[in-house]
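Student: In the numbering used here, the protein residues as written are 95 to 533. Beta carbons are placed, not taken as given, at the ideal position from N, Cα and C, and that holds for glycine. All values reported here derive from a predicted model rather than from experimental measurement.
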Amino acid sequence: MKNKINLRLAGIAILAVLSTLLAITLVYYGLFQRQIRNDLAVSAKLLKDTHYFESADINPANIDLSTNTSELRVTWIASDGTVLYDNDASASGLANHLDRPEIIDAFNNGVGEIVRQSDTMKQNTFYYAILLDNGTVLRVATNAQSLPAIFMSVAPVVALLILLIMAICIALSHLLTRQLIKPIEEMADNLSDSDLQSPYRELDPFAEKLRLQHADVLSAAKARQDFTANVSHELKTPLTAIVGYAELLEGDMVLEDKKHHLYEEIEKNAKRLLSLINDIIRLSELDKERSPIFEEINLAEIAKDAVNMLEVNAKQRNIELTLEATQTYIHGNREMMRELIENLVQNAIRYNNPGGKVEVIINNTDGPKLIVKDNGIGIPDADQKRVFERFYRVDKSRSKATGGTGLGLAIVKHIVDLHDARITLDSKLNVGTTMTVYF
Ligand code: ADP
Numbered sequence: 095m096k097n098k099i100n101l102r103l104a105g106i107a108i109l110a111v112l113s114t115l116l117a118i119t120l121v122y123y124g125l126f127q128r129q130i131r132n133d134l135a136v137s138a139k140l141l142k143d144t145h146y147f148e149s150a151d152i153n154p155a156n157i158d159l160s161t162n163t164s165e166l167r168v169t170w171i172a173s174d175g176t177v178l179y180d181n182d183a184s185a186s187g188l189a190n191h192l193d194r195p196e197i198i199d200a201f202n203n204g205v206g207e208i209v210r211q212s213d214t215m216k217q218n219t220f221y222y223a224i225l226l227d228n229g230t231v232l233r234v235a236t237n238a239q240s241l242p243a244i245f246m247s248v249a250p251v252v253a254l255l256i257l258l259i260m261a262i263c264i265a266l267s268h269l270l271t272r273q274l275i276k277p278i279e280e281m282a283d284n285l286s287d288s289d290l291q292s293p294y295r296e297l298d299p300f301a302e303k304l305r306l307q308h309a310d311v312l313s314a315a316k317a318r319q320d321f322t323a324n325v326s327h328e329l330k331t332p333l334t335a336i337v338g339y340a341e342l343l344e345g346d347m348v349l350e351d352k353k354h355h356l357y358e359e360i361e362k363n364a365k366r367l368l369s370l371i372n373d374i375i376r377l378s379e380l381d382k383e384r385s386p387i388f389e390e391i392n393l394a395e396i397a398k399d400a401v402n403m404l405e406v407n408a409k410q411r412n413i414e415l416t417l418e419a420t421q422t423y424i425h426g427n428r429e430m431m432r433e434l435i436e437n438l439v440q441n442a443i444r445y446n447n448p449g450g451k452v453e454v455i456i457n458n459t460d461g462p463k464l465i466v467k468d469n470g471i472g473i474p475d476a477d478q479k480r481v482f483e484r485f486y487r488v489d490k491s492r493s494k495a496t497g498g499t500g501l502g503l504a505i506v507k508h509i510v511d512l513h514d515a516r517i518t519l520d521s522k523l524n525v526g527t528t529m530t531v532y533f
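#1: If distances are taken between C-alpha atoms only, which option among 393, 275, 444 comes closest to residue 533?
#2: Could you tell me which residues DSSP puts in a beta bridge with residue 232?
#3: Do residue 151 and residue 181 have their C-beta atoms within less than 9 Å of each other?
#4: Give the straight-line distance between the Cα atoms of residue 253 and residue 296, rounded to the nearest whole angstrom.
#5: With the cut-off set at 9 Å, would you say residue 170 and residue 232 are in Cβ contact?
#6: Any chance the stretch 460 to 470 sits against the stretch 297 to 315, with 3 or more Cβ pairs inside 8 Å?
#7: Which residue wins for smallest C-alpha separation from residue 357, given the options 294, 342, 136, 259?
#8: Figure out for me which residue from 405, 369, 411 has the closest Cα to the Cα of residue 329.
#9: Return the chain-ordered list of same chain residues with a C-beta closer than 6 Å to the C-beta of residue 199, the five sequence neighbours on each side being excluded.
#10: Measure the Cβ-Cβ separation of residue 401 and residue 417 and say whether it is below 9 Å.
#11: Let me confirm a value: residue 106 is counted as buried when at least 16 other C-beta atoms fall within 10 Å, else exposed. Which label applies?
#12: Check whether the Cβ atoms of residue 396 and residue 444 lie closer than 9 Å to each other.
#13: Tell me, to the nearest whole angstrom, how far the beta carbon of residue 527 is from that of residue 465; I am working on the premise that it is less than 8 Å.
#14: Does residue 326 pass the burial test, meaning 16 or more other C-beta atoms within 10 Å, or should it be called exposed?
#15: Could you have a look at residue 406 and say whether DSSP puts it in helix, strand or coil?
#16: Could you pull out every residue in the same chain whose Cβ sits closer than 7 Å to the Cβ of residue 166, ignoring the five residues on either side in sequence?
#17: Under DSSP, the beta strand (DSSP E) around residue 392 begins and ends at which residues?
#18: Rounded to whole angstroms, what is the Cα-Cα separation between residue 95 and residue 316?
#19: What do you reckon, is the C-beta of residue 504 under 8 Å from a heavy atom of ligand 1?
#20: Between the alpha carbons of residue 217 and residue 130, how many angstroms are there, rounded?
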């Protein structure tokens, strides 16, 4: 990040320096050129106004302008283009000037001017020609640095300036990145704060996402810890009972007619252990499940199977179990759906009163729907939110006595989530419970 900021800052600075330099040089050079042309025009007019070159008795051989005007070249041209006088070279050596644009202009329009580049490109020569009253032309010229030459002359200063700016940029970017990063580092250190504030408004969504993820990670870790503690506790209870009864039997400390009861207790606790372990394994399987096999399944058919299986169970408790199903097809996993219906119906039977009723309804009005309704003991308002948690039971002893593990609804919730469905719970204490799954 530091390097990136370094590079960008230096790049911007260099660009700024170069473009400013270019602009200033161009403007300056324009002014400079205009000044030279003005000066030349003034000099030419001054020379013309002296009428020196118009006097009848002038002898070009006697003219001497070289000493005082070494910066200024003066050329006098006759009306046929012959060079009569030049203060820089001998006039006889110079070619006819009638082909020079500034001279042609002067003969035609009274004045003519032009800028010519010297061979080396370093210098430009400015010419200004003026027509004298006697039909000859007087031309003045001067040399000035060309644009590339001016550029070259400032190059060392520019290079130095760029070096200086780069040094400032590096120092500045160090300072800036430290200032920019510090609040972000502080934010990272305080991720667990619930009122975590992002240092920059632009980072608000990022900070929010980070905070949520952090909270998720923490709550997942806590859930895992709780679950492990709960599992150990739940397994320990029946195991302790089994060991206790076995020791009594082994020590021959039980009357013959009481032994049968102990065998029954051992069997009951072993069965409880087994169903606990089964449910735990099932939950961890569902936890791992990412893409279960989904197919077109008929909810009515699956519900019929589940109800048939639990019929005996319901009868034993003197509960009336009914199914009212229209053919309803969903995209889902057959095995999981059977498990879901069985768990819900089993609960409706388990937490019911003798002579009670359990209705299973499947229909497709406003989308596929499964309803399991009972007129049993109901769930107190305060517990309704938590019954889907692992090992959460409203009445622990009743759940245990009826073979519950406290994991049934957690499994249901898992299956519902895997099917992108939604489950609602509507319950009133001593009136009954209705569970609805919307697909
Ligand atoms: P369990 O194995 O104890 O039944 P579940 O996860 O299936 O565990 O249910 C959690 C708790 O929710 C149960 O212990 C019970 O207190 C309550 N519960 C679930 N279904 C019903 C219902 N139909 N009527 C009343 N209480 C229910």
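Tutor: Taking the structure as given:
#1: 393
#2: 170, 224
#3: no
#4: 38 Å
#5: yes
#6: no
#7: 342
#8: 369
#9: 206
#10: yes
#11: exposed
#12: no
#13: Not a contact, Cβ separation roughly 11 Å.
#14: exposed
#15: helix
#16: 137, 234, 236
#17: 389 to 392
#18: 36 Å
#19: yes
#20: 13 Å
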